[in-house]
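Below is one structure, written out as structure tokens, with a few remarks after it.
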């Protein structure tokens, strides 16, 4: 299992680095080429895409399987602060885990949408031992408040 985790981390780093270097804000890769490059099975690529490049993490993924299949990964661009918060709030389901809550606040800090202080306050909120539905409602309320504070 340690091998799988290390390969997953390397694949994630590679894809994020490729995205950062992309002029178009997206990349298109072939699943089989990545699997060959990282000496793993294509399902390992699927696992990384499914767990690390989710909508809640600020990515849009388009995938086509088969011989000429591809994976297109696009990083969300946050242009308008309020629209961006609204988009992020829509990704929060009725329940949210602490891990998914951290994914959201990491997106906010990485895109300079919140201050370091706000990051730590939100981090305390999402990591507090709460029922997932309570955490989701509190996080939505805090994000709503951010729209009016900036």
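Numbering (the numbering used here), first residue to last: 67 to 216.
Glycine included, C-beta positions come from ideal geometry on N, C-alpha and C.
Spatial neighbours of residue i in its chain, beta-carbon cut-off 6 Å, leaving aside the 5 residues before and after
i: residue 90; result: none
i: residue 175; result: 185
DSSP state of residue i mapped onto helix, strand, coil
i: residue 126; result: strand
i: residue 197; result: coil
i: residue 140; result: strand
i: residue 107; result: coil
i: residue 162; result: coil
i: residue 115; result: helix
i: residue 180; result: coil
i: residue 67; result: A caution first: residue 67 carries a pLDDT of 45, below 50, which makes its placement in the model too unreliable to give a value.
Nonlocal neighbours in the same chain, by C-beta distance under 7 Å from residue i, ignoring five residues either side
i: residue 111; result: 77, 97, 100, 101
i: residue 209; result: 151, 154, 155
i: residue 139; result: 81, 85, 92, 93, 119, 125, 127
i: residue 162; result: 198, 201, 202, 205
Distance, residue j Cα to residue i Cα
i: residue 203; j: residue 84; result: 35 Å
i: residue 166; j: residue 158; result: 9 Å
i: residue 198; j: residue 181; result: 25 Å
i: residue 120; j: residue 148; result: 21 Å
i: residue 177; j: residue 79; result: 18 Å
Close beta carbons around residue i, own chain, < 8 Å, minus the five adjacent residues each side
i: residue 191; result: 167, 201, 204, 205, 208
i: residue 189; result: 168, 171
Residue i CB to nearest heavy atom of the ligand ADP below 6 Å
i: residue 198; result: The model on display carries no ligand, and the ligand ADP is accordingly not part of it.
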